[in-house]
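For the numbering used here, count along the sequence shown from 1 and bump the result up by 1.
By construction, the Cβ of each residue, glycine as well, lies at the ideal position given by its N, Cα and C atoms.
What follows is one structure encoded as structure tokens, with my remarks underneath.
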Amino acid sequence: MTTDARTTGRLAALVIALAGLAAAAPAAAPANLALRQSGGMPMALTSEPAFAYTAGKACDGNPRTGWVAADTPGETWWGLEWRHPVRLEAVVLRPLVEAALGAVALPTAYRLEGRAPGATAWSTLADASSAEVGAAGERRHALAAAFEAAEVRLSVTVEAGRRVGLGEVECLGPEVVLPNEWLPRWQAAWIWAEPSMLIARREPLQRCFRRSFEIADPGQIAEAWLMTCAFDRLNGFWVNGEAVAAHPGWHTGALREAVVVPLEARLFRAGENVLAASVDDLYAVGSQGLLAELEIVFRDGRRLRLGTDAEWQAQADQGVVPAWRLPGLADRRWVPARPGAGPNSRWHWLWNVPRPSVVPEDRFRVTGLSLEPSPARPGEAVRVRLRVVCERPPARGYAMVVLLGQRSFWQNHDHDLGGAVLTPEQTGIAAWPPGEHDLELSVTLPE
2 MTTDARTTGR LAALVIALAG LAAAAPAAAP ANLALRQSGG MPMALTSEPA
52 FAYTAGKACD GNPRTGWVAA DTPGETWWGL EWRHPVRLEA VVLRPLVEAA
102 LGAVALPTAY RLEGRAPGAT AWSTLADASS AEVGAAGERR HALAAAFEAA
152 EVRLSVTVEA GRRVGLGEVE CLGPEVVLPN EWLPRWQAAW IWAEPSMLIA
202 RREPLQRCFR RSFEIADPGQ IAEAWLMTCA FDRLNGFWVN GEAVAAHPGW
252 HTGALREAVV VPLEARLFRA GENVLAASVD DLYAVGSQGL LAELEIVFRD
302 GRRLRLGTDA EWQAQADQGV VPAWRLPGLA DRRWVPARPG AGPNSRWHWL
352 WNVPRPSVVP EDRFRVTGLS LEPSPARPGE AVRVRLRVVC ERPPARGYAM
402 VVLLGQRSFW QNHDHDLGGA VLTPEQTGIA AWPPGEHDLE LSVTLPE
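Here's what the structure looks like:
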């Protein structure tokens with residue numbers, strides 16, 4: 002269930018959804034929040050003028066790369082800013098293992114500082130004297146109290162004749178589960194295949210894909226849905242040789258939304274069934290692949306979900322042979338497809354594709370939606386109230402998700418302005434009796 006309400010200012014859209022348990026709860030073990038997947042954006046006041054020693058090298062998970070401060074004596078800093086606030090519990094500074102510059106050591110004089118969300122002043126979290134030194138020379142700072150951080154920095158004193166740097170910085174704390182990670186997630190991955198001999202060609206590169214699977218009794222199928230898209234052009238998608246989908250691939254391969262197709266039960270047969278697709282790589286930008294997911298619901302409630310993965314077979318030159326779309330093909334030239342990027346990334350990038358929601362286990366009917374204050378303005382806290390009706394007890398728990406902003410279709414646009422979540426434990430939906438129910442949460446709009 003999803004609804005959309007327009008407001009004013011920079012709030013392009015407010016999307017409210019009841020989402021199933023699509024995202025896992027934060028892990029009990031602390032995560033390294035400095036890594037890119039946690040949304041950390043590294044920066045430094047100064048760096049050695051070589052691309053090998055930039056700020057990002059100190060939080061890339063590789064201890065053999067790192068940040069090296071410029072050798073000018075005085076104060077400098079290295080820092081991280083997060084897209085969403087994090088709960089910081091400890092910071093570990095690891096020395097640089099290798100450096101072509103010669104001896105590079107961890108700084109001996111420094112302050113660890115943090116900035117809370119919305120604050121302009123910095124708070125001192127630790128300094129060099131409070132470090133616990135490990136066997137490999139790393140310096141660990143366990144904070145006396147967890148710090149809610151939008152940004153952290155290490156203020157360093159550079160002394161004449163002494164190079165200082167960081168091999169790896171670990172900012173430890175619970176991983177953040179972002180609002181959009183509660184929405185439906187793909188089981189599938191992007192797949193592609195390369196021929197045994199690469200030959201330069203001017204015409205589009207075509208790849209053919211197939212996946213066979215078994216169904217005992219097609220008469221027991223209640224619903225079947227296909228979701229698919231491709232880089233760059235989906236020439237066609239077939240179920241047992243019958244065409245069901247295609248897409249021309251507009252916008253030089255950068256605009257992607259999944260084609261959603263309801264499939265009739267007559268398309269399937271008892272025994273072996275085959276999904277087949279033909280994809281063209283049109284543009285020389287490195288984007289190529291097929292993403293697809295078939296979901297079948299049987300009358301007894303069982304579900305079958307098949308996504309593109311290494312179980313699919315691929316061939317570069319079989320498009321002219323009609324039999325490749327049908328069951329019973331025996332051709333040794335077909336090879337396992339190669340899974341590539343995932344479509345469920347946290348941040349906007351080329352491979353991200355929202356997964357459509359099909360055949361939900363539970364259905365909710367919206368009978369009321371209100372915002373207070375209304376109209377909403379940038380910088381204000383808004384109360385979102387939702388009234389829904391369920392006809393029967395829900396099969397499982399659901400989160401209430403409020404997303405701010407409009408999802409971007411483009412690689413370099415970022416219109417995700419955050420949001421808010423009531424987790425399944427907070428909504429209590431799993432214990433709802435049939436009838437009308439109210440949900441409410443607060444979300445602060447960006448300025």
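inquiry  = Quick check on DSSP: helix, strand or coil for A432?
reply    = Position 431 of the sequence shown, counted from the first residue, corresponds to residue 432. Correct three-state label for A432: helix.
task = Report the rounded CA-to-CA distance for A247 versus L227, giving the unit in angstroms.
result = Here the question's residue 247 lines up with position 246 in the sequence shown. Here the question's residue 227 lines up with position 226 in the sequence shown. Cα to Cα, A247 sits roughly 12 Å from L227.
message = Buried or exposed for D1, going by 16 or more other Cβ atoms inside 10 Å?
response = Not covered by the structure: residue 1. The range shown for the chain is 2 to 448.
query = Using the rule of at least 16 other Cβ atoms within 10 Å of the residue's Cβ for burial, across every protein chain shown, is D281 buried or exposed?
reply = For the purposes of this step, residue 281 is identified with residue 280 of the sequence shown, where counting begins at 1. Buried, by the Cβ-count rule.
request  = Within the same chain, show all residues whose beta-carbon is closer than 7 Å to that of R393, passing over the 5 residues directly before and after it, in chain order.
outcome  = Within the sequence shown, numbered from 1, the residue matching residue 393 stands at position 392. Taken in chain order, the residues that qualify are P435.
ask   = So the beta strand (DSSP E) T158 belongs to, where does it begin and stop?
value = Taking the first residue of the sequence shown as 1, we reach residue 158 at position 157. Where T158 is concerned, the enclosing beta strand (DSSP E) stretches over 140-159.
task = Reducing DSSP to helix, strand and coil, say where V444 ends up.
result = As a first step, residue 444 is located in the sequence shown; it is residue number 443 there, counting from the start. Here V444 sits in strand by DSSP.
key: Minimum C-alpha distance to P74 - residue among C60, T47, R65   = Your numbering for residue 74 matches position 73 in the sequence shown. Checked all of C60, T47, R65; the closest Cα to P74 is T47.
task = Give the straight-line distance between the Cα atoms of G308 and A143, rounded to the nearest whole angstrom.
result = As a working mapping, residue 308 is identified with position 307 in the sequence shown. As a working mapping, residue 143 is identified with position 142 in the sequence shown. Roughly 43 Å between the two C-alpha positions.
request  = In angstroms with no decimal places, state the Cα-to-Cα distance between A444 and P86.
outcome  = Locating residue 444 in the sequence shown gives position 443, where the first residue counts as 1. Locating residue 86 in the sequence shown gives position 85, where the first residue counts as 1. Going by the sequence as given, residue 444 is Val instead of Ala. If I take the Cα positions, the gap works out to 14 Å.
request  = Could you spell out where the beta strand (DSSP E) holding Q207 opens and where it closes?
outcome  = Sequence index remark: in the sequence shown, residue 207 carries index 206 (1-based). Where Q207 is concerned, the enclosing beta strand (DSSP E) stretches over 206-216.
query = Do we get a CB-CB distance below 7 Å when we pair G250 with the residues of chain D?
reply = The structure shown has no chain D; it contains just one protein chain.
inquiry  = Quick check on G369: buried or exposed, where buried means 16 or more other Cβ atoms within 10 Å of its Cβ?
reply    = As a first step, residue 369 is located in the sequence shown; it is residue number 368 there, counting from the start. By the neighbour-count rule (16 or more Cβ atoms within 10 Å), G369 is not buried but exposed.
inquiry  = Among D233, G62, S279, E224, whose alpha-carbon lies nearest the alpha-carbon of L264?
reply    = Within the sequence shown, numbered from 1, the residue matching residue 264 stands at position 263. The option with the nearest alpha carbon to L264 is E224.
request  = Tell me whether D439 is buried or exposed, calling it buried when 16 or more other Cβ atoms sit within 10 Å of its Cβ.
outcome  = As a position in the sequence shown, residue 439 is number 438, starting the count at 1. D439 should be labelled exposed.
ask   = Exposed or buried, which one is D233 when buried takes at least 16 other CB atoms within 10 Å?
value = As a working note, residue 233 is residue 232 in the sequence shown. Result: buried.
ask   = If G250 and L235 are in contact, beta carbons under 8 Å, what's the gap, nearest whole angstrom?
value = In the sequence shown, counting from the first residue as 1, residue 250 sits at position 249. In the sequence shown, counting from the first residue as 1, residue 235 sits at position 234. Confirmed, about 7 Å.
inquiry  = Could you check whether G174 and L113 sit closer than 7 Å to each other, using their CB atoms as the reference points?
reply    = Sequence index remark: in the sequence shown, residue 113 carries index 112 (1-based). Sequence index remark: in the sequence shown, residue 174 carries index 173 (1-based). Not in contact: L113 and G174 (Cβ atoms no closer than 7 Å).
task = Keeping to the same chain, check which residues put their C-beta closer than 8 Å to that of A244; ignore five residues upstream and five downstream.
result = On the sequence shown, residue 244 is found 243 positions in, with the first residue counted as 1. For A244, where only same-chain residues beyond five positions count, the Cβ hits under 8 Å are G237, F238.
query = From E152 to L36, what does the alpha carbon distance come to, in whole angstroms?
reply = Within the sequence shown, numbered from 1, the residue matching residue 152 stands at position 151. Within the sequence shown, numbered from 1, the residue matching residue 36 stands at position 35. In a straight line, the C-alpha of E152 is about 14 Å away from that of L36.
task = Would you grab the beta carbon distance between T77 and V134 for me? Rounded to a whole angstrom, and I think it's under 8 Å.
result = Numbered from its first residue, the sequence shown carries residue 77 at position 76. Numbered from its first residue, the sequence shown carries residue 134 at position 133. Their Cβ separation, rounded to whole angstroms, is 22 Å, which puts T77 and V134 out of contact at 8 Å.
query = Is the segment 61-71 close to the segment 119-130, with three or more CB pairs under 8 Å?
reply = no
query = Going by C-alpha distance, which of A400, D218, R270 is nearest R300?
reply = On the sequence shown, residue 300 is found 299 positions in, with the first residue counted as 1. For R300, the nearest C-alpha among the options comes from D218.
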